[in-house]
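Here is the structure we will look at, set down as structure tokens.
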Amino acid sequence: MKHFSLTTLKWIRNGIVWGTMLLGFICWLYMPSEVLIHLESGRRGSKLALLIVLLLPLFAMIPATDKPEFHVQDAYAEQETERAQRNSLIINIAFAVLLAAVVLGIMITVLCK
């Protein structure tokens, strides 16, 4: 991923986050109004409680690391700032993929029960 630009990495992250939320919402639309909430105990509840799960991917939008502060504008400072932003975005993409798996796993599990 080191050869992607910062803009491309942001688009990848945003696509994963919004795609997960969209697919989760589509699954949510096809669920019955009363779904199995706790798989072990067999408790049933309203599907409205699952809407909060769709917001989980938004946590991948929080920057993973701070940008380094430089008080002079030179090539080294710009290079280090870009490196820090790139590393933060790569961590965000990995976190977005993890959250996408969790959200879609929950939605598909509830939908299939």
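Heads up, the sequence shown is in my numbering, so the first residue is 2 and it goes up one at a time. Cβ atoms here follow ideal geometry from the backbone N, Cα and C, with glycine treated the same way.
Query: I want to check one thing, is the minimum distance from the CB of L55 to the heavy atoms of the ligand SAH below 7 Å?; Result: This structure does not include the ligand SAH; it has no bound ligands of any sort.
Query: Going by beta carbon distance, what residues of the same chain come within less than 6 Å of F5, once the five residues before and after it are set aside?; Result: none
Query: Is the beta carbon of I17 sitting closer than 8 Å to the one on V98?; Result: yes
Query: Pick out whichever of P58, A61 and S89 has its Cα sitting closest to the Cα of P69.; Result: S89
Query: Who pairs with L37 in a beta bridge, going by DSSP?; Result: R45
Query: Which one of A65, S47 and A61 has the shortest CA to CA distance from R14?; Result: A61
Query: What is the DSSP secondary structure of M32, counted as helix, strand or coil?; Result: coil
Query: Mark G106 as exposed unless 16 or more other C-beta atoms lie within 10 angstroms of its C-beta, in which case mark it buried.; Result: exposed
Query: Could you say which of A65, P58, I109 and A76 lies nearest to I91 if we only look at CA atoms?; Result: A65
Query: Given F26, which residues of its chain have a CB within under 7 Å of its CB, disregarding the five upstream and five downstream residues?; Result: L55
Query: Pick helix, strand or coil for T82, following the three-state DSSP scheme.; Result: helix
Query: DSSP three-state call for V103: helix, strand or coil?; Result: helix
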